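Asker: Start counting the sequence shown at 521; every next residue gets the next number (the working numbering).
We put the CB at the ideal spot given by N, CA and C, even for glycine.
Small disclaimer: the values here were computed from a predicted structure and weren't measured.
One structure is given below, represented as structure tokens, and several questions about it will come after.
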Amino acid sequence: MSTANPRKPQDWIIKKGMRLYRKLVRYDDSGAHEDYTGKTVLMQIRTGIGGTLIAEWGTTPESGITIDGSGDVVIDISASLTALLTAGRYVYDIAVTDDAGVHAYFGSIVPNIIVMDGVIE
Numbered sequence: 521m522s523t524a525n526p527r528k529p530q531d532w533i534i535k536k537g538m539r540l541y542r543k544l545v546r547y548d549d550s551g552a553h554e555d556y557t558g559k560t561v562l563m564q565i566r567t568g569i570g571g572t573l574i575a576e577w578g579t580t581p582e583s584g585i586t587i588d589g590s591g592d593v594v595i596d597i598s599a600s601l602t603a604l605l606t607a608g609r610y611v612y613d614i615a616v617t618d619d620a621g622v623h624a625y626f627g628s629i630v631p632n633i634i635v636m637d638g639v640i641e
């Protein structure tokens, strides 16, 4: 299991046809755990900042993004979904919203996501 620190830029590597799992846990400046229960999450992968959308996953078990019982964001993208990606270097962002708008933003100026062809035997 990989737990990402959302306050630092995170470059991720996705291997096509392999599961991608990340648990995003966040604490506020006082050290209190931030609970995202009831919020909506949207992750986008693009060719660059403002570039062409490559993939978009939202808060549904089918897409692989959920909020767990602790209120943390869980990214669990299936092997069948990562198999649809084209190898290359992209940028991504993850936004957590509620009815009032953006509540949290995971990412930084240019977090990279690298999609690699899966292991070839």
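Got a sec? Which residues, its chain only, sit under 6 Å from W532 by beta carbon, not counting five neighbours each side?
Answerer: Closer than 6 Å at Cβ, skipping near neighbours: I633.
Asker: Do K536 and A603 have their beta-carbon atoms positioned less than 8 Å apart in this structure?
Answerer: Result yes, Cβ atoms of A603 and K536 sit closer than 8 Å.
Asker: Taking the alpha-carbon positions, what's the G589 to M636 distance?
Answerer: G589 and M636: Cα-Cα distance of roughly 32 Å.
Asker: Kindly indicate which three-state DSSP category L601 falls into: helix, strand or coil?
Answerer: In this structure, L601 counts as helix in the three-state DSSP scheme.
Asker: Short of 8 Å in beta carbon distance, which residues of its chain neighbour I587, apart from the five on each side in sequence? Order them along the chain.
Answerer: Around I587: Y556, T557, G558, K559, V561, T579, V593 and V594.
Asker: Between Y541 and the rest of its own chain, which residues show a CB-CB distance below 6 Å, the 5 nearest in sequence each way excluded?
Answerer: Same-chain partners within the cutoff: D596.
Asker: May I have the straight-line CA-CA distance separating M521 from D548, to the nearest angstrom?
Answerer: Confidence at M521 is low in this model, with a pLDDT of 42, below 50, so its placement is unreliable and the value that follows should be read with caution. Going by the C-alpha atoms only, they are around 23 Å apart.
Asker: Could you name the residues that DSSP lists as bridge partners for D618?
Answerer: Partner(s): G621.
Asker: How many angstroms separate the CA atom of A552 from the CA atom of A624?
Answerer: The alpha-carbon atoms of A552 and A624 are separated by roughly 15 Å.
Asker: According to DSSP, is K536 helix, strand or coil?
Answerer: It is coil, neither helix nor strand.
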